[in-house]
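Shown next, in structure tokens, is the structure this report addresses.
Numbering (our numbering), first residue to last: 6 to 364.
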């Protein structure tokens, strides 16, 4: 049974004077291929005097196109969604026989369809050097991807970077550090260098505190947490698009909620659009709240709930006894006596002298 969480994400822009906003494109709706069940979703926009049209771009991402007829001093987008955090096995698939072993090549028709996700710039010297460090020994495709994802997580230190845009692969490899979007873009280019179709993903990452501490590794976040995140998806015949998170070294599970996927990071930005020149005060807040928790092996009923269950059982027993409701067994007998067909032991009683002997 999953945990239901409510996610709230508010992005606010405050301007120093009334300005004109060009159409704003919002990519903050879970993508069609999102595997985490989304139970409800809403998008609230300020100012209220606006028009919204939902569209899908060439990559099937949901776009909210906002048009503002009047000047405004503020622009705010607030997302509320409820998700069922049912456990998702990121390796629950079967690959096509031709793709089970790395390296492999896509069939021509499939390669043509995946062309935008295979396009790569000329590799810089430092990227070529890093590619030589990667173990390309032929082996199971999933083993190669697991090793690559883990290597990138170990080699590139995570940092919170407030500067806009994505670092080049050269910058990330030179500094051996970057934000989640920098590591994701580096992994996209590495996968494409090995002939694997890959795309950049922008989305929500939800991390919930574990019920019990891990015995053989880190226990994860100490508190329930959510944030905007970026990772990579690779296309595997038979499995489709598979999420890889090089920041953590893990594959995408129920906590990864994709919002926009594209060949280039610029096409996956959460909000884009032009505006008049002005001074802007930007802020954003995010929160996640558990709104439903079913009992599970790591978190059974607490004592007060058990007490309520026992008390209810006692009350039911009292009512049954008060109303003279008696327990009987059905399905008896499995055979009958030819000598005493009307006897109680062959019709209403569970036991009887002859029944015991004959059985």
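C-beta: ideal position from N, C-alpha, C; glycine also.
Given a cut-off of 8 Å, decide if residue 262 and residue 306 are closer than it, judged by their beta-carbon atoms.
-> Within the chain shown, numbered from 1, the residue matching residue 306 stands at position 301. Within the chain shown, numbered from 1, the residue matching residue 262 stands at position 257. Contact: no.
By how many angstroms is the C-alpha of residue 207 removed from the C-alpha of residue 288?
-> The residue you call residue 288 lines up with position 283 of the chain shown. The residue you call residue 207 lines up with position 202 of the chain shown. C-alpha separation (whole angstroms): 19 Å.
Cβ neighbours of residue 191 in the same chain (closer than 6 Å, five flanking residues each side left out) = In the chain shown, the residue the question calls residue 191 occupies position 186. Only 174, 177 meet the Cβ criterion.
DSSP beta-bridge partners for residue 21?
-> Within the chain shown, numbered from 1, the residue matching residue 21 stands at position 16. Bridge partners of residue 21: none, in fact.
Going by Cα to Cα distance, which pick from 70, 136, 27, 238 is closest to residue 2?
-> Not covered by the structure: residue 2. The range shown for the chain is 6 to 364.
Does the stretch 99-110 touch the stretch 309-318, meaning 3 or more C-beta pairs lie closer than 8 Å?
-> no
Beta-carbon gap between residue 124 and residue 10 smaller than 8 Å = Residue mapping note: residue 124 aligns to position 119 of the chain shown, counting from 1. Residue mapping note: residue 10 aligns to position 5 of the chain shown, counting from 1. Not a contact, by the Cβ cut-off of 8 Å.
Using three-state DSSP, classify residue 121 as helix, strand or coil.
-> Taking the first residue of the chain shown as 1, we reach residue 121 at position 116. Helix, per DSSP.
Leaving out five residues on either side along the sequence, give the residues of the same chain with a beta carbon under 8 Å from the beta carbon of residue 121.
-> Reading the chain shown from its first residue, position 116 is the one you call residue 121. The residues are 268.
Are the beta-carbon atoms of residue 164 and residue 182 separated by less than 8 Å?
-> Stepping through the chain shown from its first residue, residue 164 is reached at position 159. Stepping through the chain shown from its first residue, residue 182 is reached at position 177. Yes, these two residues count as a Cβ contact at 8 Å.
Figure out for me which residue from 18, 35, 86 has the closest Cα to the Cα of residue 296.
-> If you number the chain shown from 1, residue 296 lands on position 291. Among 18, 35, 86, the Cα nearest to that of residue 296 belongs to 86.
Counting along the chain, where does the alpha helix (DSSP H) carrying residue 318 start and finish?
-> If you number the chain shown from 1, residue 318 lands on position 313. Note, residue 318: alpha helix (DSSP H), 308-327.
Hey, residue 270 and residue 199: beta-carbon distance below 8 Å or not?
-> Start at 1 with the first residue of the chain shown, and residue 270 comes out as number 265. Start at 1 with the first residue of the chain shown, and residue 199 comes out as number 194. Not in contact: residue 270 and residue 199 (Cβ atoms no closer than 8 Å).
C-beta atoms of residue 104 and residue 251 nearer than 8 Å | Residue numbering aside, residue 104 sits at position 99 when the chain shown is read from its first letter. Residue numbering aside, residue 251 sits at position 246 when the chain shown is read from its first letter. Taking 8 Å as the Cβ cut-off, residue 104 and residue 251 do not qualify as a contacting pair.
Assigned secondary structure, residue 176 (DSSP; H/G/I helix, E/B strand, else coil) = On the chain shown, residue 176 is found 171 positions in, with the first residue counted as 1. Note: residue 176 maps to helix in three-state DSSP.
Could you tell me if residue 157 is buried or exposed, where buried requires 16 or more neighbouring beta carbons within 10 angstroms of its beta carbon?
-> Along the chain shown, read from residue 1 onward, the residue named residue 157 stands at position 152. The residue is buried, with at least 16 neighbouring Cβ atoms inside 10 Å.
Among residues of its own chain, excluding the 5 on either side of residue 348, which ones have a beta-carbon nearer than 8 Å to its beta-carbon?
-> For the purposes of this step, residue 348 is taken as the residue at position 343 of the chain shown. Hits under 8 Å: 342, 357, 359.
Who pairs with residue 94 in a beta bridge, going by DSSP?
-> Here residue 94 is taken as the residue at index 89 of the chain shown, counted from 1. Answer by DSSP bridge pairing: none, since residue 94 is not bridged.
Taking residue 140 as the reference, give the member of 133, 134, 132, 149 with the closest Cα.
-> Residue mapping note: residue 140 aligns to position 135 of the chain shown, counting from 1. Per the Cα distances, 149.
Where does residue 272 fall in DSSP's three states?
-> In the chain shown, the residue the question calls residue 272 occupies position 267. It is helical.
Are residue 78 and residue 106 touching if we call contact CB-CB under 8 Å?
-> Here residue 78 is taken as the residue at index 73 of the chain shown, counted from 1. Here residue 106 is taken as the residue at index 101 of the chain shown, counted from 1. For residue 78 and residue 106, no; Cβs fall outside 8 Å.
Could you pull out every residue in the same chain whose Cβ sits closer than 6 Å to the Cβ of residue 15, ignoring the five residues on either side in sequence?
-> Walking along the chain shown from the start, residue 15 turns up at place 10. For residue 15, where only same-chain residues beyond five positions count, the Cβ hits under 6 Å are 83, 290.
From which residue to which residue does the beta strand (DSSP E) around residue 111 run?
-> Numbered from its first residue, the chain shown carries residue 111 at position 106. That residue, residue 111, is in no beta strand (DSSP E); it is neither H nor E in DSSP.
How many Å lie between residue 218 and residue 90 at the Cα?
-> What you label residue 218 is simply residue 213 of the chain shown in a count that begins at 1. What you label residue 90 is simply residue 85 of the chain shown in a count that begins at 1. In a straight line, the C-alpha of residue 218 is about 19 Å away from that of residue 90.
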